[in-house]
Amino acid sequence: MVGVALCSIRRHDRTVGEVEELSVRTDQRRLGIGRVLLLDGLRSLRDQGATTARLFTGTANPHRSYDLYESVGFRRQNEYVRYRKPLA
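Numbered according to my numbering, the sequence shown spans residues 39 to 126.
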């Protein structure tokens, strides 16, 4: 297997689909596989009745996924800052 796209319809709002995971094996990146997987997942969400799709990704994503998401029509909505403090 070279990649996976995991997409689902939100339980409480069936018009919203979520791309929960999109991953392509490191040695297979930049070949268009992620794009095909993402578009297929979005098509499946639409076929199930979703009218909107959303996804969440980290701001330090090292794999240029922002370019892919924006190239298929996603637009950035918010910036989130996550804090972490070790307690040990």
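Ideal Cβ placement from N, Cα and C applies to all residues, glycine included.
- A Cβ-Cβ contact shorter than 8 Å links GLY79 with ALA43.
- Straight across, the Cα-Cα distance linking ILE47 with SER61 is about 19 Å.
- Here the alpha carbon of VAL110 sits roughly 8 Å from the alpha carbon of LEU77.
- Under the three-state reduction of DSSP, THR89 is assigned to coil, being neither helix nor strand.
- Taking the C-beta atoms as reference points, CYS45 is found nearer than 8 Å to LEU83.
- In this structure, LEU93 and GLU56 form a Cβ contact; the two beta carbons are roughly 7 Å apart against a cut-off of 8 Å.
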